[in-house]
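Structure, as C-alpha cells:
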Amino acid sequence: MDKKPTIPLGQAVATGDTSFVPPAPASFPSFDDEALDGWGFKDTKFVVQPNGSVVLTGTRYNISNVELPSLMPWFSKKLEAPLGYDNRNEPQYPPPVPEARQAPELVAELRTFLTPEQLSDEPTVRLRRGHGHTGAEIWAIRYERLGRVPDLVVFPRSHEEVVRITDVARKGGACLIPFGGGTNVTEALRLSVHEQRFVIAVDMRHMNRVLWVDPVNRMACIEAGATGRHIVSELAKYGLTLGHEPDSLEFSTLGGWIATNASGMKKNRYGNIEDLVLDMRVVTAHGVVERPHVGPRESIGANPRNFMFGSEGNYGIVTSAVVKLFPVPEVQRYGSVLFPDLSSGLAFLYELQRSGAVPASVRVMDSTQFQFGQALKPATTGAAAQAKSALEKFFVTKVKGFDPDKLAVATLVFEGTREEVEYQEKTLYRIAERHGGMKAGGTNGERGYQLTFGIAYIRDLTFSHWAIAESFETSVPWSRAMELYERVRERIHREHEQRKLPGKPFFTGRLTQVYPSGIAMYFYMGFYTKGVEDPVGQYAALEHAAREEILASGGTLSHHHGIGKIRQDFMGDIYSEGALALSREVKKAVDPDNLFGAANHGVRGQVELESKDAPRTNTRRTGSD
1 MDKKPTIPLG
11 QAVATGDTSF
21 VPPAPASFPS
31 FDDEALDGWG
41 FKDTKFVVQP
51 NGSVVLTGTR
61 YNISNVELPS
71 LMPWFSKKLE
81 APLGYDNRNE
91 PQYPPPVPEA
101 RQAPELVAEL
111 RTFLTPEQLS
121 DEPTVRLRRG
131 HGHTGAEIWA
141 IRYERLGRVP
151 DLVVFPRSHE
161 EVVRITDVAR
171 KGGACLIPFG
181 GGTNVTEALR
191 LSVHEQRFVI
201 AVDMRHMNRV
211 LWVDPVNRMA
221 CIEAGATGRH
231 IVSELAKYGL
241 TLGHEPDSLE
251 FSTLGGWIAT
261 NASGMKKNRY
271 GNIEDLVLDM
281 RVVTAHGVVE
291 RPHVGPRESI
301 GANPRNFMFG
311 SEGNYGIVTS
321 AVVKLFPVPE
331 VQRYGSVLFP
341 DLSSGLAFLY
351 ELQRSGAVPA
361 SVRVMDSTQF
371 QFGQALKPAT
381 TGAAAQAKSA
391 LEKFFVTKVK
401 GFDPDKLAVA
411 TLVFEGTREE
421 VEYQEKTLYR
431 IAERHGGMKA
441 GGTNGERGYQ
451 LTFGIAYIRD
461 LTFSHWAIAE
471 SFETSVPWSR
481 AMELYERVRE
491 RIHREHEQRK
501 LPGKPFFTGR
511 LTQVYPSGIA
521 MYFYMGFYTK
531 GVEDPVGQYA
541 ALEHAAREEI
551 LASGGTLSHH
561 HGIGKIRQDF
571 MGDIYSEGAL
581 ALSREVKKAV
591 DPDNLFGAAN
601 HGVRGQVELE
611 SKDAPRTNTR
621 RTGSD
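Throughout the sequence shown, residue numbering follows UniProt numbering, covering 1 to 625 in sequence.
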C-alpha cells in the first residue's frame, strides 16, 4: 500500500503532494444480497403475520424482527380499506422478459477485453437494469411486464474499459444506458419499445474504489460506481466523511448522485452534490472529459463538468469524481420537537434558517407522518412502560393541548464540534419554544432519522395488499409553502373522489432541506386498488394533477429526484422554447448519434413506452392559481 501518514494542519501548512492511495479491495463487490423484485436487501421486507401484526424481516434496522401490531390497522383506517393478512396481492416475479436482440460481432469485440463474468444476457440481470424504483416499474415487474429491456449488461472494472466499451458501441451503432444503483423514481432507465438498436446497460458498481485520499486538502477521488454505504465505510477509516446522505444511501452511487443532481438529508451542513464535487472524469461520444488538477474554485468559462449535473445519462458516463471531505464529526446528537401544527413547524424553520444555527438535518413532518411513525412502534409491554406512554400522551394532548390530528414533529441531527452542537441545540430549542414547540427527546429523533432507511420498504408492503403508493417532491419559496401543501392535499382528495377510486387517498408531507429563499417539501401518496382498472395509470394521473398544483403554487418541477421520463411533458411549463432548444443543441453537439440513449428530460423528444407498461397521464389541466 502506497500510504502516506495523515498530516495534521497545526503550526504550519504541509507542502507538496499530501494524498495517498488506499489499499484496493480484495475482490469486486457482489450485489447478490439485493432484492430483485422490490426495494432494498433480499433478506429485508415487511411481512404481515396471521395475527395481523407486521414484522420487518432480517436484522439490518432498529425495527427489524419486532412485531408492529398497529401498522396495518392504521393503514386500513387511513385508506378506509380492508388491508390485512387474508387480503393479499401476491407478486408474480419475474415477469416475461423480452428476448434479447443479437449483435454477435459487437459482443465478440467486447469479449476481447472483458472477461466472461463482465458480460451477461441472462434475463433477470437484463430486467433489473431496465427499470428503477417508481411505483409503476415495481408494479410492472411484479404484476405485468416491461416491454423493452437492455439486450446486454456489461460490468466495467476500470475507466479504460468504459472508454473501450463506448468506442465499440459507437462503431457498432449500439445504445448505451449507464446504470448505478437503479434507485431512481423518474422512469429514467425505462426504454422506449421503439428502440431498435442493440442496447447495452453499463453497470458501474464494480468501479467502487477510493482512488486517492488527501487528508490535508480534504479531497478524495472516488470511482463513480461506489455506493453510499461503501463511501461512508471507506472514508471513515481515515476519520473523514463526504456527508452526503440521501434516503437511498445504501444503494445509490456517486455517479447517480451527479447524474440526478442529488440532495441529501444532511445538506444543511455538507451541501448538495453540486457543492461537494470539485471535478469529474467523464467518457463521452467525443472522448474523455478530464483535467490534470483541481482547485477549490475556478473561473474558466463554461466548465464541461457542469453539464453532467442532472444529465440523467444523456451525455456520457461519469467514471470518477474528486469530492470535498469533512472530518467525522466530534459530536453527533439527535433531537426532536413537537409542534401544535405544521404551520408552526414551518415558522420555526423560517426563523431557524435565519439564526445561523441550522443543524445537519432538520425535518418537520405533518400529523399523518407523525402517526405513521407511531404506528411503526412495537407494542408497549410492561406496566411501567404502558404507564409512561399513557402519561406522555396525556401531557401532550391534555396539558399542552395538542390535537393529534394536527400536530407536527421535527426530527433533528446535530453534528460538529462540541461547541457547535451545544450552540445549535441551545439556539434551536429556544426558537422552537417561541413557536409553541416542546422537546420530545433524542431517542425519538434518532428513531425518526433511522426510519428513513427502513420506511422505503413500506411501499412494497402496500403493493402486496392491494394498495399503491409512491413519493414525489419539490422546493418552494417560504411565503408559498403552506399554500402549496394545502393545495396539493386538496387536489389529491378531489381527484381521488372524482375518479371514484375506493376508500380514501393516503397523503402526507414533510418539510426537509432549508435554504435562505425557501424549503424542500416531500410527499407520499397512495390509494387502495382492488377492483381498480389500471391502478398504475390512476396513480400517474393523481401525481400528474398534484404536479400541476405544485407548479401553480410556485413550486419547482423537482428538488432532487430529477425529470426522467415521467415529468417530461412539464418541461415546456418551466422553460422557454429558447432554453429547450439550447438543451437539444447541446445534446446534438455532444452526442449527435444519440449513443447515450437514455432520452431523459426530453432532450430527444417524448419517449414512447408500450401502452401496457407506460406511465399514464390524464389530459393536461392547469391548477387554479
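All C-beta atoms, glycine included, are put in the ideal place defined by N, C-alpha and C.
Please read all numbers here as calculations on a predicted model, not as lab measurements.
At the 8 Å Cβ level, is residue i part of the contact set with chain C, yes or no?
{"i": "Gly373", "result": "The chain inventory of the structure shown lacks chain C, comprising one protein chain alone."}
Does residue i come out as helix, strand or coil in the three-state DSSP assignment?
{"i": "Val399", "result": "Confidence at Val399 is low in this model, with a pLDDT of 49, below 50, so its placement is unreliable and the value that follows should be read with caution. Three-state result, Val399: helix."}
{"i": "Asn89", "result": "coil"}
{"i": "Thr227", "result": "strand"}
{"i": "Asp534", "result": "coil"}
{"i": "residue 626", "result": "Lying outside 1 to 625, the shown extent of the chain, residue 626 is not represented and no answer is given."}
{"i": "Glu298", "result": "coil"}
{"i": "Phe179", "result": "strand"}
{"i": "Trp74", "result": "helix"}
{"i": "Met438", "result": "strand"}
{"i": "Phe370", "result": "helix"}
{"i": "Glu245", "result": "coil"}
{"i": "Ser27", "result": "coil"}
{"i": "Ile138", "result": "helix"}
{"i": "Ser311", "result": "coil"}
{"i": "Ile119", "result": "The amino acid at residue 119 is misidentified as Ile; the sequence shows Leu. In this structure, Leu119 counts as strand in the three-state DSSP scheme."}
Leaving aside the five residues before and after residue i along the sequence, list all residues of the same chain whose C-beta is less than 6 Å from its C-beta, in chain order.
{"i": "Lys267", "result": "Gln513"}
{"i": "Leu83", "result": "Met72, Phe75, Ser76, His465"}
{"i": "Val163", "result": "Val283"}
{"i": "Ser158", "result": "none"}
Just list the residues that DSSP pairs residue i with in beta bridges.
{"i": "Met365", "result": "Val409, Arg510"}
{"i": "Val322", "result": "Cys221, Asp279"}
{"i": "Pro327", "result": "Leu240"}
{"i": "Tyr522", "result": "Glu473, Arg510"}
{"i": "Ile550", "result": "None; Ile550 has no bridge partner."}
{"i": "Tyr334", "result": "Val413"}
{"i": "Ala467", "result": "Tyr528"}
{"i": "Gly173", "result": "Paired residues: none, contrary to the question."}
{"i": "Ala201", "result": "Val153, Ile177"}
{"i": "Val289", "result": "Val282"}
{"i": "Phe339", "result": "Ala408"}
{"i": "Ile431", "result": "Per DSSP, none; premise fails for Ile431."}
{"i": "Leu56", "result": "Phe46, Ser64"}
{"i": "Tyr515", "result": "Gly518"}
{"i": "Leu254", "result": "Answer is none; Leu254 lacks a bridge partner."}
{"i": "Asp214", "result": "Met219"}
{"i": "Tyr84", "result": "The sequence shown places Gly at residue 84, rather than the Tyr named in the question. Per DSSP, Asn87."}
{"i": "Ile317", "result": "Val283"}
{"i": "Phe20", "result": "Val213"}
{"i": "Glu34", "result": "Phe41"}
Can you name, in chain order, every residue of its own chain whose Cβ lies under 7 Å from the Cβ of residue i, other than the five neighbours on each side?
{"i": "Leu376", "result": "Ile63, Leu68, Leu71, Leu451"}
{"i": "Lys42", "result": "Asp33, Glu34, Ala35"}
{"i": "Gly313", "result": "Ile177, Pro178, Ala188, Ala259, Phe596, Ala598, Asn600"}
{"i": "Gly602", "result": "Gln568, Met571"}
What distance in whole Å lies between the Cβ atoms of residue j and residue i, which are believed to be in contact at a cut-off of 8 Å?
{"i": "Met219", "j": "Val323", "result": "7 Å"}
{"i": "Glu80", "j": "Gly503", "result": "4 Å"}
{"i": "Met482", "j": "Leu352", "result": "Rounded, the Cβ-Cβ distance is 16 Å, inconsistent with contact."}
{"i": "Thr183", "j": "Phe113", "result": "Thr183 to Phe113, Cβ: 29 Å. No contact."}
{"i": "Gly255", "j": "Gly180", "result": "5 Å"}
Measuring alpha carbon to alpha carbon, tell me which residue in the options is nearest residue i.
{"i": "Ile468", "options": "Gly243, Pro535, Val163", "result": "Pro535"}
{"i": "Ala410", "options": "Gly442, Glu549, Glu422", "result": "Gly442"}
{"i": "Gly135", "options": "Phe46, Thr186, Leu127", "result": "Thr186"}
{"i": "Glu533", "options": "Leu501, Tyr334, Leu278, Val216", "result": "Leu501"}
{"i": "residue 649", "options": "Glu543, Arg459, Pro477", "result": "Only positions 1 to 625 of the chain appear in this structure, which leaves residue 649 out of reach."}
{"i": "Phe523", "options": "Phe472, Ala545, His159", "result": "Phe472"}
{"i": "Glu495", "options": "Gln332, Ala540, Ala520, Asp593", "result": "Ala540"}
{"i": "Ile300", "options": "His286, Tyr515, Asp279", "result": "Asp279"}
{"i": "Arg297", "options": "Gly310, His286, Asp275", "result": "Asp275"}
{"i": "Ala262", "options": "Gly16, Gly518, Gly40, Thr474", "result": "Thr474"}
{"i": "Gln369", "options": "Phe506, Arg281, Phe453, Gly401", "result": "Phe506"}
{"i": "Asn89", "options": "Arg142, Val294, Gln102, Pro304", "result": "Arg142"}
{"i": "Glu223", "options": "His559, Pro25, Tyr485, Lys530", "result": "Pro25"}
{"i": "Leu106", "options": "Phe155, Pro50, Ile165", "result": "Ile165"}
{"i": "Gly401", "options": "Pro340, His293, Pro150", "result": "Pro340"}
{"i": "Lys428", "options": "Trp478, Ile492, Leu349", "result": "Note on residue identity: the sequence assigns Leu, not Lys, to residue 428. Comparing Cα positions, the closest option is Leu349."}
{"i": "Asn208", "options": "Ile200, Glu234, Asp403", "result": "Glu234"}
{"i": "Arg547", "options": "Thr462, Lys45, Met521, Tyr528", "result": "Met521"}
{"i": "Arg363", "options": "Val328, Ala408, Pro404", "result": "Ala408"}
Who are the Cβ neighbours of residue i in its own chain at under 8 Å, not counting the five residues just before and after it?
{"i": "Thr124", "result": "Leu36, Pro94, Val97"}
{"i": "Leu551", "result": "Leu557, Phe570, Asp573, Ile574, Gly623"}
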